[in-house]
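Numbering (the UniProt record's numbering), first residue to last: 1 to 393.
Data first, discussion second: the structure below is written as C-alpha cells.
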Amino acid sequence: MKDIQLRRKEAKSILQAVCTLLNSGGGVVKAHIKNQNYSFTRDGMGLDLVNSLPGIMHLPHDYLDFMQHKDYFFVFVKPLKPNQKGPGITTLKTNLYRRINSISDEVKVANAVQLLKSRTDPEEKAESRPSSPGKIVCNETLNECLSLFNRDWLAYEETFCFTKSIHAEVKLTPKEKIFPKEKILELLPQTVSAFANTDGGFLFIGLDGKTQQIIGFEAEKSNLVLLESEIEKCIQQLPVTHFCGEKEKIKYTCKFIEVRKSGAVCAYVCALRVERFCCAVFAAEPESWHVEGGCVKRFTTEEWVKRQMDATAVMPGKVICCPEALYMKPFSQHEGYEHLVRTELGSLLKGTLVISKSWALDLGLQEKQEVIWDVLHISQGQSPDPVCLCPGR
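This is how it looks when you write it as C-alpha cells:
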C-alpha cells in the first residue's frame, strides 16, 4: 500500500479490534483485503502490525492466530489469561505521561500500574505536594525558569540561560503570520500531563531552543484573551484520577510576556507553570476498549485505572458465596469461620472457591474428623490450590 498514513490507520483499526476482543473474552476480527495481489503466506501481516502487537501484549502468538480466506483476513483472538504480574487489560496507549530528561514520555502499561500504585503510598503523596508559586526552588534550572517567568517583558533575540530539561520545555512556533492558537493547544495535553506527573515544570512558547534566543509570536491582545480561555478549558478537561480525599484540580499559572524590539511590543511569549499533581493526570482517556451490551465501548479513565489496579486480587469482603442455604449452615456451626473465609481467602487471585465438608467423603473414603472444610481454589492460568480448614487454625 503506497499511502503510508492509510496503511497505519487500517493497522490501528485492526489493533483496536484485537485489543477490544482481548478485553472481552476473545473473538474474531474480519478485515476485507483491498489489494487483490496480497497473499498472507507470501507477504505476511505487514510491519505495522508485526511491530505493534508486542507493544500491547506479551507473546501475541499465544493469543492470536491468523488466516486468509479469499479476499478476507481473519485474526482469531483467544481469551486473555489473567497474569498476576501483568496488566489488567490490554491497552494501545495509556495517554499517561511523565518527564524523562528533556522529553515528555508516554508511560507504558506495566510502568503505569507502578506509577499509579506509588501515588497511593502516603509517603510518596506527601512528597508530591506542589510547592507554592512563590517558594524558592534550589534547582538551578528551575530558578532560571522562575526568573524568566516572573519578568514583565523580554527583549527580542535576548538570550536565555537554560535548556530543555526534566523541568523545562521550550517551543518555537512557525514564523507564519497566522496566530498559532492550534499549535499551542496541541502541545498542552502531553506536556501538562508529563509535568504534573513528575515534579512540575515550565513551558515557554516563543523561545528558540537551538539559538537560545527569545523570539515570541505575533498576536493581538484580543487573541491572547481568547487563547488564555482556551488553555484553561483544555487543561481542566484533562482526565485525572484521584487516590486522595482532596480531589484537587490541576494547578497551573499562565501568562503572556511582552517581547519588545526598539522599545515597542513586537511579539509575545506564552509562559505556563504547571505544579506537581497530587495523584495522576492523563493527556486523554486511555486507548482501551471492551464489548458491552453488543457495542464497543472505550474504558473511561476511572474504569481503566480500577481494572489495572484490581487486576490481580479480589479485595477482602468481596467473596461471593452461593447457594445461600449451603454456605450458611457450616458458618452457623463454626463461629468465626465466615470471617476467616471472607478475609483470608479474599486475598486470593480472582477465581472460584469449591468448598466441601470433606473431599474424603465425596470420594467414598473415611472422613477425617479434624477437618471442618476442604476448599479448592481454581483460577484461570493457575494450578488448582487445595486448602484445609481445621479447628484452632
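C-beta: ideal position from N, C-alpha, C; glycine also.
Supposed close pair residue i, residue j - CB separation, criterion 8 Å
i	j	result
residue 104	residue 190	5 Å
residue 156	residue 8	Between residue 8 and residue 156 the Cβ distance is about 41 Å, and since that is not below 8 Å, they are no contact.
residue 149	residue 273	6 Å
residue 166	residue 198	6 Å
residue 11	residue 46	7 Å
residue 257	residue 98	That belief does not hold up - the Cβ atoms of residue 257 and residue 98 are roughly 27 Å apart, past 8 Å.
residue 217	residue 173	5 Å
residue 60	residue 26	The Cβ separation is near 14 Å, so there is no contact.
residue 181	residue 227	5 Å
Span separating the alpha-carbon of residue i from that of residue j
i	j	result
residue 96	residue 288	13 Å
residue 57	residue 163	37 Å
residue 220	residue 119	42 Å
residue 243	residue 50	37 Å
residue 107	residue 171	22 Å
residue 249	residue 44	48 Å
residue 206	residue 109	34 Å
residue 186	residue 92	20 Å
residue 20	residue 254	39 Å
residue 129	residue 35	Low confidence applies to residue 129: its pLDDT is 48, below 50, so where it sits in the model is not reliable, and the reading given next is rough at best. Roughly 56 Å between the two C-alpha positions.
residue 375	residue 390	11 Å
residue 72	residue 23	24 Å
residue 145	residue 208	14 Å
residue 241	residue 75	34 Å
residue 14	residue 52	11 Å
residue 310	residue 88	7 Å
residue 54	residue 268	45 Å
residue 154	residue 100	29 Å
residue 193	residue 305	16 Å
residue 285	residue 302	9 Å
residue 142	residue 168	8 Å
residue 117	residue 282	15 Å
residue 159	residue 264	18 Å
residue 224	residue 204	15 Å
residue 270	residue 200	17 Å
residue 62	residue 385	24 Å
residue 266	residue 5	39 Å
residue 213	residue 161	9 Å
residue 183	residue 245	35 Å
residue 308	residue 279	15 Å
residue 30	residue 290	17 Å
residue 368	residue 388	11 Å
residue 188	residue 300	20 Å
residue 397	residue 229	Shown here, the chain extends from 1 to 393; a query on residue 397 therefore has no answer.
residue 28	residue 102	42 Å
residue 112	residue 175	37 Å
residue 196	residue 371	55 Å
Simplified DSSP state of residue i, which is helix, strand or coil
i	result
residue 201	strand
residue 3	coil
residue 293	coil
residue 110	helix
residue 386	strand
residue 13	helix
residue 119	coil
residue 36	coil
residue 55	helix
residue 163	coil
residue 169	strand
residue 92	coil
residue 184	helix
residue 371	coil
residue 212	coil
residue 217	strand
residue 283	coil
residue 288	coil
Enclosing alpha helix (DSSP H) for residue i [first to last residue]
i	result
residue 234	221 to 236
residue 306	301 to 309
residue 80	Segment: none, residue 80 is in no alpha helix (DSSP H) and carries neither H nor E.
residue 154	Residue 154 -> not in any alpha helix (DSSP H); beta strand (DSSP E) instead, spanning 153 to 155.
Residue i, enclosing beta strand (DSSP E) - first and last residue
i	result
residue 261	252 to 261
residue 145	Not the beta strand (DSSP E): residue 145 falls in the alpha helix (DSSP H), residues 140 to 149.
residue 100	97 to 100
residue 65	64 to 69
residue 274	264 to 274
The ligand GTP heavy atom lying under 7 Å from the CB of residue i
i	result
residue 43	By its list of ligands, the structure shown contains no ligand whatsoever, and the ligand GTP lies outside what it can speak to.
Three or more C-beta pairs under 8 Å: does that hold for the region 61 to 74 against the region 28 to 43?
Short answer: they touch.
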